[in-house]
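Each remark here refers to the structure printed beneath this line.
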Amino acid sequence: MPETSGCMAVMSDPDALRLLGLLSAPERLRAFSALVLGAGTGEEVALRSGLPVKDALRALEQLERGGIAARSAEGRWSPRPETLRAAVTAAAEDRSAAPVPEGASADQARVLRSFTRDGRILTLPVQRAKRLVLLDHVARTFEPGLRYTEPEVNAMLRAFYSDHALLRRSLVDEGFLDRDGSHYWRCGGTVDV
1 MPETSGCMAV MSDPDALRLL GLLSAPERLR AFSALVLGAG TGEEVALRSG
51 LPVKDALRAL EQLERGGIAA RSAEGRWSPR PETLRAAVTA AAEDRSAAPV
101 PEGASADQAR VLRSFTRDGR ILTLPVQRAK RLVLLDHVAR TFEPGLRYTE
151 PEVNAMLRAF YSDHALLRRS LVDEGFLDRD GSHYWRCGGT VDV
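The numbers in the sequence shown follow the UniProt record's numbering, run straight up by one, and end at 193.
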């Protein structure tokens with residue numbers, strides 16, 4: 001259970017993952033949705049969610065134990081969206097604290113935080129300007145003046161992105177790497193001095 005600080009819960013990554021796990025079961029998600037849509041009793045939740053009453057009540061009790069539903073003294077159920085908001089806030093704070101290369105502008109840092117997690121690229125952005133920020137970040141791992149074999153390049157790129165071939169082509173197409181047969185070298189991007 002998250003610690004409380006004022007009226008907002010302080011969430012950790014395990015708490016956020018636990019909440020996602022809690023809502024990943026279809027019955028609990030349907031019961032929570034019914035609460036959000038205004039159902040307040042077990043019977044109303046069952047009616048709105050299409051669940052049998054017994055399953056709706058079990059889901060509500062699990063949601064209550066997870067901190068995203070509450071039962072009043074009169075037996076009425078209500079959602080606790082503030083718990084979910086706290087998880088989102090904690091995730092955003094974790095992401096904003098992620099390390100970025102020294103000398104990166106605020107815009108570059110924002111792009112890197114949005115499209116990477118733990119040093120790995122989640123997805124290549126569609127917008128070219130954002131994609132160039134990521135490609136420049138990756139290109140910094142290649143030492144200017146050194147030649148790399150294709151297997152070496154592939155191994156280095158796998159550390160950043162599962163589709164290393166797409167990443168390699170993008171680096172070449174955008175002028176960060178050049179190639180001659182199966183040898184590659186850095187020819188562009190930001191150089192640390």
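Cβ coordinates follow ideal geometry from the N, Cα and C atoms, glycine included. This one's a predicted model, so the numbers in the text were calculated from it and none came from an experiment.
Thinking just about the alpha-carbon of each residue, which of L157, F142, G181 and P125 is nearest to the one in G188? F142
Helix, strand or coil at T123 [DSSP, three-state]: coil
Where the beta strand (DSSP E) containing S78 begins and where it ends: W77 to P79
Output the boundary residues of the alpha helix (DSSP H) element that contains A46. G42 to S49
Measuring CA to CA, which of G175, E150, G119 and G21 is closest to A87? G21
When the Cα atoms are used, what is the spatial distance from R71 to R18? 20 Å
Work out the CA separation of L47 and G175 for me, nearest whole Å. 59 Å
To the nearest angstrom, report how far apart G40 and A34 are at their CA atoms. 8 Å
Check the C-beta distance from V126 over to W77 and give it rounded, since I have them as a contact under 8 Å. Incorrect: roughly 42 Å between the Cβ atoms, too far for contact.
Cβ neighbours of Q108 in the same chain (closer than 6 Å, five flanking residues each side left out): V133
Delimiting residues of the beta strand (DSSP E) encompassing R147: R147 to T149
Quick check on R140: does DSSP put it in helix, strand or coil? coil
What's the call for P151, buried or exposed, on a 16-neighbour Cβ count within 10 Å? exposed
If we ignore side chains and look at the alpha-carbon of each, how far apart do R117 and V111 end up? 11 Å
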